[in-house]
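Enquirer: Note that UniProt numbering has the sequence shown beginning at 1, numbered continuously upward. Can you read through this structure? Questions will come right after.
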Amino acid sequence: MRLYKEIGMITIQIFYKFTLIKFKLIRRYIRNGYFNAIKSHNNLKLKRILKLYPQVIKSKNALGLTGLMQAVASRNYDAITLLLQSGIDPNVMDQDGWTAKAWAILMNDHKSLKRLSQISVLTYSLDNKVCGMAIVGIGTILSDKTLPNKLP
1 MRLYKEIGMI TIQIFYKFTL IKFKLIRRYI RNGYFNAIKS HNNLKLKRIL
51 KLYPQVIKSK NALGLTGLMQ AVASRNYDAI TLLLQSGIDP NVMDQDGWTA
101 KAWAILMNDH KSLKRLSQIS VLTYSLDNKV CGMAIVGIGT ILSDKTLPNK
151 LP
């Protein structure tokens with residue numbers, strides 16, 4: 001009887017390990033699909049992923065970029081709007097301390113800045129130390145094309 005209980009416990013432990021591995025693979029597959037949909041401008045797939053797995057919006061890729069940063073880098077303007085409507089936090093920083101708005105300013109991408117215009121304060125840091133803060137109004141950004149050169 002004791003041997004049967006031990007074999008049963010081993011079976012349960014093995015099943016538990018396989019279940020954990022399966023869930024990790026599924027999460028990785030969903031996260032990769034999320035970032036690939038943004039990068040490839042497949043906004044219909046992105047909308048489906050966000051509807052089925054709303055928690056994926058908080059994930060970062062291997063470089064530490066959020067979906068919003070990936071959308072700005074890919075110049076996927078519809079994805080920027082979709083992600084903001086889905087409730088993504090635009091103030092999340094990457095590994096270097098840059099936000100999505102800082103990426104848009106760095107790339108001199110006025111369309112992305114227009115989509116991100118609901119953010120009034122941009123904070124970025126280097127090496128996890130806050131270096132500067134710029135109050136950015138969308139009118140100033142659109143009229144002043146040298147704004148990225150003026151940031152500290």
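The beta carbon of each residue, even a glycine, is placed where N, CA and C say it ideally should be.
1) Please report the Cβ distance between K39 and S86, rounded to the nearest whole angstrom; I am assuming they are in contact, meaning their Cβ atoms lie under 8 Å.
2) In angstroms with no decimal places, state the Cα-to-Cα distance between A102 and Y77.
3) Quick check on the burial criterion: 16 or more other C-beta atoms within 10 angstroms. Buried or exposed for G64?
4) DSSP three-state call for T81: helix, strand or coil?
5) When you compare only the Cα positions, how much space is there between A100 and S112?
6) Can you round the beta-carbon distance between Q55 and N61 to whole angstroms, since I take them to be within the 8 Å contact cut?
7) Please report the distance separating the alpha-carbon of M107 from that of K114.
8) Nearest to A79 by alpha carbon, out of I57, G97, D94 and V92?
9) Run the CB neighbour count on L3, radius 10 Å, all protein chains shown included, and call it buried at 16 or more, exposed below.
10) Could you name the residues that DSSP lists as bridge partners for K60?
Expert: Let me lay it out:
1) Contact doesn't hold; Cβ gap of about 17 Å is too wide.
2) 16 Å
3) exposed
4) helix
5) 9 Å
6) Not a contact, Cβ separation roughly 15 Å.
7) 13 Å
8) I57
9) With a pLDDT of only 49 at L3, under 50, the local geometry of the prediction cannot be trusted, and the value read off the model is given with reservation. Exposed: under 16 other Cβ atoms inside 10 Å.
10) T66
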